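Enquirer:
Numbering (this note's numbering), first residue to last: 493 to 718.
Structure below.
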């Protein structure tokens with residue numbers, strides 16, 4: 493066998509297996525996460541005892557769940573790919589990653605915030621926002637990027653490992669952020685022109701794009717972090 497063939501074998505045996513390990517662990521943790529979300533919603537429902545407050549859970553399969561809470565729905569989505577921290581990430585300078593670069597490969601769980609009515613009424617033009625994402629490696633070391641408290645409380649990747657209690661903390665903070673993140677009326681100039689089709693559709697489903705805040709640009713703000 494040639495040198496290239498040996499290198500391919502080495503990559504398959506190491507890199508590919510590593511990614512599969514990360515994926516399997518992320519999937520396992522996502523199942524725990526799903527249980528925590530459901531328990532939190534059930535707990536809130538039993539304590540509030542108010543049918544006017546929307547609180548329910550939808551399991552959308554192995555990689556996605558929807559948590560309806562008040563006027564919001566949080567979509568928790570496990571990405572099916574594995575990602576590596578960029579070369580310029582300062583985490584590579586830590587002894588944890590310097591001694592084992594495989595620990596810099598992570599699964600990702602994204603948290604999106606939509607208006608509940610967008611889903612319930614099938615308003616396909618409505619926008620949602622990425623409010624957080626959890627990175628975790630095969631040893632359950634993790635960090636969270638996000639808005640509000642999600643952006644700074646869970647940043648110690650080297651020393652932090654996931655547990656049910658930490659998942660509960662993350663879930664509660666996503667709930668708080670969604671509830672506090674109020675619906676803002678878009679600027680008049682953004683909605684002063686509508687099409688005939690949009691007007692004709694209003695009786696069945698509002699088609700003009702609705703979101704909590706127009707101009708929210710999470711991606712642009714986050715693109716240099718990882």
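We treat Cβ as the ideally placed atom computed from N, Cα and C, and that holds for glycine.
The model shown is predicted, which means the values in this text are computed figures rather than measured ones.
Pick helix, strand or coil for residue 654, following the three-state DSSP scheme.
Expert: Position 162 of the chain shown, counted from the start, is the residue given in the question as residue 654. It is coil, neither helix nor strand.
Enquirer: Tell me which residues share the same chain as residue 595 and place their Cβ nearer than 8 Å to its Cβ, disregarding the 5 neighbours each side in the sequence.
Expert: Working through the chain shown from its first residue, we reach residue 595 at position 103. Cβ neighbours of residue 595 beyond the five flanking positions: 588, 589, 629, 630, 631 and 633.
Enquirer: Give, in chain order, every unbroken run of the beta strand (DSSP E) that is at least 3 residues long and sits entirely within the stretch 560–591.
Expert: Whole beta strand (DSSP E) segments, 3+ residues: 564–570.
Enquirer: Starting from residue 626, trace the alpha helix (DSSP H) both ways and give me its first and last residue.
Expert: Sequence index remark: in the chain shown, residue 626 carries index 134 (1-based). That residue, residue 626, is in no alpha helix (DSSP H); its beta strand (DSSP E) goes 621–628.
Enquirer: Rounded to whole angstroms, how far is the Cβ of residue 600 from the Cβ of residue 626, which I believe are closer than 8 Å?
Expert: Stepping through the chain shown from its first residue, residue 600 is reached at position 108. Stepping through the chain shown from its first residue, residue 626 is reached at position 134. About 7 Å; that satisfies the 8 Å criterion.
Enquirer: Tell me whether the stretch 514–531 and the stretch 642–660 touch, counting them as touching only if at least three CB pairs, one residue from each stretch, are closer than 8 Å.
Expert: The answer is yes - the stretch 642–660 touches the stretch 514–531, with three or more Cβ pairs under 8 Å.
Enquirer: Thinking residue 550 and residue 557 are a contact (beta carbons under 8 Å), I'd like their distance in whole angstroms, please.
Expert: Taking the chain shown and counting its residues from 1, one reaches residue 550 at position 58. Taking the chain shown and counting its residues from 1, one reaches residue 557 at position 65. At roughly 7 Å, the Cβ-Cβ gap stays under 8 Å, so residue 550 and residue 557 are in contact.
Enquirer: Do you know how far the Cα of residue 636 is from the Cα of residue 644?
Expert: The residue you call residue 644 lines up with position 152 of the chain shown. The residue you call residue 636 lines up with position 144 of the chain shown. About 8 Å.
Enquirer: Rounded to whole angstroms, what is the Cα-Cα separation between residue 653 and residue 622?
Expert: Within the chain shown, residue 653 is the residue found at index 161, counting from 1. Within the chain shown, residue 622 is the residue found at index 130, counting from 1. Their Cα atoms are separated by approximately 23 Å.
Enquirer: What does a CB cutoff of less than 8 Å around residue 641 pick up in its chain, not counting 5 residues either side in sequence?
Expert: Position 149 of the chain shown holds residue 641. Excluding residues within five positions, the ones whose Cβ falls inside 8 Å are 665, 668 and 669.
Enquirer: Would you mind working out which of 577, 578 and 547 sits nearest residue 565, comparing C-alpha positions?
Expert: On the chain shown, residue 565 is found 73 positions in, with the first residue counted as 1. The shortest Cα separation from residue 565 among 577, 578 and 547 belongs to 547.
Enquirer: When the Cα atoms are used, what is the spatial distance from residue 609 to residue 494?
Expert: Within the chain shown, numbered from 1, the residue matching residue 609 stands at position 117. Within the chain shown, numbered from 1, the residue matching residue 494 stands at position 2. Approximately 60 Å, taken between the alpha carbons.
Enquirer: Excluding the 5 residues preceding and the 5 following residue 611 in the sequence, name in chain order all residues of the same chain whose CB lies nearer than 6 Å to its CB.
Expert: Indexing the chain shown from 1 puts residue 611 at position 119. So the list reads 565, once near-sequence residues are dropped.
Enquirer: Could you check if residue 597 is buried or exposed, using at least 16 other CB atoms within 10 Å of its CB as the buried criterion?
Expert: Working through the chain shown from its first residue, we reach residue 597 at position 105. Classification for residue 597: buried.
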